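Engineer:
Residue numbers (the numbering used here): 298 to 729.
#1: Drop a sphere of 10 angstroms on the beta-carbon of residue 448, count the other beta-carbons inside from all chains shown, and report buried for 16 or more, exposed for fewer.
#2: Measuring straight from C-alpha to C-alpha, what distance separates residue 608 and residue 598?
#3: Using CA atoms only, rank isn't needed, just tell me which of 664, 674, 581 is closest to residue 319.
#4: Could you tell me whether the Cβ atoms of residue 499 and residue 479 are closer together than 8 angstroms?
#5: Can you tell me which residues form a DSSP beta bridge with residue 481?
#6: Please classify residue 588 as buried or exposed, where buried requires at least 16 neighbouring CB atoms within 10 angstroms.
#7: When the distance is taken between beta carbons, is residue 343 closer than 8 angstroms to residue 693?
#8: Suppose you measure from the CA of residue 657 to the CA of residue 664; what does that come to, to the nearest Å?
#9: Can you tell me whether residue 350 is buried or exposed, with buried defined as 16 or more other CB within 10 angstroms of its CB?
#10: Spatial neighbours of residue 522 within its chain, please: CB distance less than 6 angstroms, with the 5 preceding and 5 following residues excluded, ordered by chain position.
#11: May I have a chain-ordered list of the beta strand (DSSP E) segments no shorter than 3 residues that lie completely inside the stretch 313-366?
#12: Identify the continuous alpha helix (DSSP H) that holds residue 379 and give its terminal residues.
#13: Would you tell me roughly how many angstroms separate the C-alpha atoms of residue 544 and residue 706, rounded to the nearest one?
#14: Got a sec, what are the start and stop residues for the beta strand (DSSP E) residue 500 sits in?
#15: Pop quiz: residue 537 and residue 390 are said to be a contact at Cβ under 8 angstroms. What is the actual Cβ separation, rounded to whole angstroms?
#16: Quick check: what's the CA-CA separation for residue 699 versus residue 460?
#17: Smallest Cα separation from residue 606: which of 574, 719, 345, 546?
#18: When the Cα of residue 360 is compared with those of 592, 593, 552, which residue comes out closest?
#19: Given that a residue counts as buried once 16 or more other Cβ atoms are within 10 Å of its Cβ, and exposed if not, what is residue 307?
#20: Determine the DSSP secondary structure at residue 397, reduced to helix, strand or coil.
#21: Output needed for residue 570: all residues of its chain with C-beta closer than 6 angstroms, excluding positions within five of it in sequence on either side, in chain order.
#22: To the nearest angstrom, how far is it from the Cα of residue 547 to the Cα of residue 438?
#23: Give the DSSP bridge partners of residue 392, in chain order.
#24: Hey, out of 504, 330, 531, whose CA is closest to residue 621's CA?
#25: Excluding sequence positions up to five away, which residues of its chain have a Cβ less than 8 angstroms from the Cβ of residue 750?
#26: Residue 412 lies in the beta strand (DSSP E); which residues open and close that run?
#27: Taking the alpha carbon of residue 424 as the point to measure from, which residue in 370, 382, 353 has its own alpha carbon closest?
#28: Roughly how many whole angstroms lie between the Cα atoms of residue 376 and residue 513?
#29: How many angstroms separate the CA atom of residue 321 from the CA atom of residue 561?
#30: At what residues does the alpha helix (DSSP H) containing residue 589 begin and finish?
#31: Here's a check: name, in chain order, each residue in its chain whose Cβ is nearer than 8 angstroms to the Cβ of residue 366, leaving out the five neighbours to either side.
#32: Going by other Cβ atoms of all chains shown within 10 Å of its Cβ, with 16 needed for buried, is residue 611 buried or exposed?
#33: Consult DSSP for residue 426 and reduce its assignment to one of helix, strand or coil.
#34: Taking the straight line between their C-alpha atoms, what separation do you get for residue 703 and residue 594?
#35: Residue 546 by DSSP, collapsed to three states: which one?
#36: Would you list the one or two residues that DSSP bridges to residue 433?
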């Protein structure tokens, strides 16, 4: 076995045994490294998108469960709060109002989503874990003109602390809109662009006053202790609510299309990137077959001195094992490094490209002084929602990627190994 392994290593090296690996062996290993690293990086980013979006949506948008009216009528939440809180695995219950509104800031009228939460929500762990107050404070909850916005409002609309927002909401009568003047008391950052740029926060009482819904809400948001208990809690709550009047929806019900699309994209990206590894496997087959053809004389001599077909086959199987092991281990390490430093890598590339664009526009502006210099962005939060690349490395998936890659390389090595084991010593020596 030791002799077989030694010969396998020699066959991987350059001609006459010079160098650790031959050119073809290096290309094979590099293909595996790049394929595994790319696959781990892509899957980690897709996982990060799913988990971060899920966390933000559950905590700040739809909660684990949400009770609403079948007829879209306001809910008399005080009638059900204690019943819902008594259900096992329920951690917190937040009645809230949600309504599309128009707001006027600095003479500009825009649309936004107004959410009026119970005051307990603003001091809850749910909010603290998923958002930070970057300016102002939430100490003004008792103020009748209290409103907080996402941190992107100050950038998009030029607002700042103490800026006035004139909020208009249209009720059932479009000829009698409700109007209220709010004062921005805080800027909240969640890192989730749709929320940070399009949601206005106020208290439940203020929203009730604006929408003429005293003692009522649009939804009852429910936080569960574990995600795995969502369906169980949903069933328990449905049993205590009046049949045909109120319905219970899960966070997934509200975001089914988005999450289905993300899962499909992840699967598609897996197969696309896996093609790199597949191409590398085909290259291993072709390069090893070339090695068999070039080493026919040596193989014939080995058989003549007593090596069995299995020994010859093992030489090329060992070749595949060495290539697969080195490529997989280095690819996994590179994948981890890339995944954990994607923000820095993207920033580095963006700085280089934007620097080159700046130099180019020095010449462009000589002929056209009004030309606007574009900004190159790999990861735009306007498109991808988050202000930094979300990454989540799933160790089970990494292990699966390693096993599948190694097995693919192993089975690829069986083809040249079988061909080498069928070399006839007499024919080779006779031809020489």
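Every residue gets a Cβ at the ideal spot worked out from N, C-alpha and C, and that includes glycine. Owing to the predicted nature of the structure, the values given are computational and were not obtained by experimental measurement.
Structural biologist: Quick look at the numbers:
#1: On the chain shown, residue 448 is found 151 positions in, with the first residue counted as 1. Under this definition residue 448 is a buried residue.
#2: Along the chain shown, read from residue 1 onward, the residue named residue 608 stands at position 311. Along the chain shown, read from residue 1 onward, the residue named residue 598 stands at position 301. For residue 608 and residue 598, the distance between alpha carbons rounds to 13 angstroms.
#3: Sequence index remark: in the chain shown, residue 319 carries index 22 (1-based). Among 664, 674, 581, the Cα nearest to that of residue 319 is on 581.
#4: Indexing the chain shown from 1 puts residue 499 at position 202. Indexing the chain shown from 1 puts residue 479 at position 182. In this structure, residue 479 lies closer than 8 angstroms to residue 499 by Cβ.
#5: Working through the chain shown from its first residue, we reach residue 481 at position 184. In DSSP, residue 481 forms a bridge with 444.
#6: Start at 1 with the first residue of the chain shown, and residue 588 comes out as number 291. Classification of residue 588: buried, given that the 10 Å Cβ count is 16 or more.
#7: Working through the chain shown from its first residue, we reach residue 693 at position 396. Working through the chain shown from its first residue, we reach residue 343 at position 46. Contact flag unset, no.
#8: Taking the first residue of the chain shown as position 1, residue 657 is located at position 360. Taking the first residue of the chain shown as position 1, residue 664 is located at position 367. Straight-line Cα distance between these residues: approximately 12 angstroms.
#9: Position 53 of the chain shown holds residue 350. Flag for residue 350 reads buried.
#10: Working through the chain shown from its first residue, we reach residue 522 at position 225. Non-local beta-carbon contacts of residue 522 in its own chain, meaning distances under 6 angstroms to residues more than five positions away in sequence, involve 386, 388 in chain order.
#11: 362-366
#12: In the chain shown, counting from the first residue as 1, residue 379 sits at position 82. Element bounds for residue 379: 378-382.
#13: Walking along the chain shown from the start, residue 544 turns up at place 247. Walking along the chain shown from the start, residue 706 turns up at place 409. In a straight line, the C-alpha of residue 544 is about 53 angstroms away from that of residue 706.
#14: What you label residue 500 is simply residue 203 of the chain shown in a count that begins at 1. From DSSP, the beta strand (DSSP E) with residue 500 extends over 496-500.
#15: Taking the chain shown and counting its residues from 1, the one referred to as residue 537 is at position 240. Taking the chain shown and counting its residues from 1, the one referred to as residue 390 is at position 93. No, residue 537 and residue 390 are not in contact; Cβ-Cβ is about 13 angstroms, not under 8 angstroms.
#16: Here the question's residue 699 lines up with position 402 in the chain shown. Here the question's residue 460 lines up with position 163 in the chain shown. The alpha-carbon atoms of residue 699 and residue 460 are separated by roughly 55 angstroms.
#17: The sequence position of residue 606 within the chain shown is 309, counting from 1. The shortest C-alpha to C-alpha distance from residue 606 to any of 574, 719, 345, 546 is the one to 719.
#18: If you number the chain shown from 1, residue 360 lands on position 63. Residue 360 has its Cα closest to that of 552, out of 592, 593, 552.
#19: For the purposes of this step, residue 307 is taken as residue 10 along the chain shown, with counting starting at 1. So residue 307 ends up on the exposed side.
#20: Residue mapping note: residue 397 aligns to position 100 of the chain shown, counting from 1. Residue 397: strand per DSSP, three-state reduction.
#21: To locate residue 570, count along the chain shown from 1; it is residue 273. Result list for residue 570: 335, 336, 339, in chain order.
#22: To locate residue 547, count along the chain shown from 1; it is residue 250. To locate residue 438, count along the chain shown from 1; it is residue 141. For residue 547 and residue 438, the distance between alpha carbons rounds to 29 angstroms.
#23: The residue labelled residue 392 in the question sits at position 95 within the chain shown. DSSP output for residue 392 lists 517 as bridge partner(s).
#24: As a position in the chain shown, residue 621 is number 324, starting the count at 1. Measuring from the Cα of residue 621, the nearest candidate turns out to be 330.
#25: Given that the chain is displayed from residue 298 to residue 729, the structure contains no residue 750 and the question cannot be resolved.
#26: Within the chain shown, numbered from 1, the residue matching residue 412 stands at position 115. Element bounds for residue 412: 405-414.
#27: For this step, residue 424 is matched to residue 127 along the chain shown. If we check each option's Cα against that of residue 424, 353 comes out closest.
#28: For the purposes of this step, residue 376 is taken as the residue at position 79 of the chain shown. For the purposes of this step, residue 513 is taken as the residue at position 216 of the chain shown. Cα to Cα, the separation comes out at about 10 angstroms.
#29: Sequence index remark: in the chain shown, residue 321 carries index 24 (1-based). Sequence index remark: in the chain shown, residue 561 carries index 264 (1-based). Approximately 36 angstroms between the Cα atoms of the pair.
#30: Within the chain shown, the letter at position 292 stands for residue 589. Residues 553-591.
#31: Here residue 366 corresponds to residue number 69 of the chain shown, with the count starting at 1. 372, 542, 543, 544, listed in sequence order.
#32: Numbered from its first residue, the chain shown carries residue 611 at position 314. Buried.
#33: As a working mapping, residue 426 is identified with position 129 in the chain shown. Shown here, residue 426 sits in a helix according to DSSP, grouped into three states.
#34: The count along the chain shown starts at 1 and reaches residue 703 at position 406. The count along the chain shown starts at 1 and reaches residue 594 at position 297. Distance between the alpha carbons of residue 703 and residue 594 is about 30 angstroms.
#35: Counting from 1 along the chain shown, the entry for residue 546 is found at position 249. Note: residue 546 maps to strand in three-state DSSP.
#36: To locate residue 433, count along the chain shown from 1; it is residue 136. Answer by DSSP bridge pairing, in chain order: 483.
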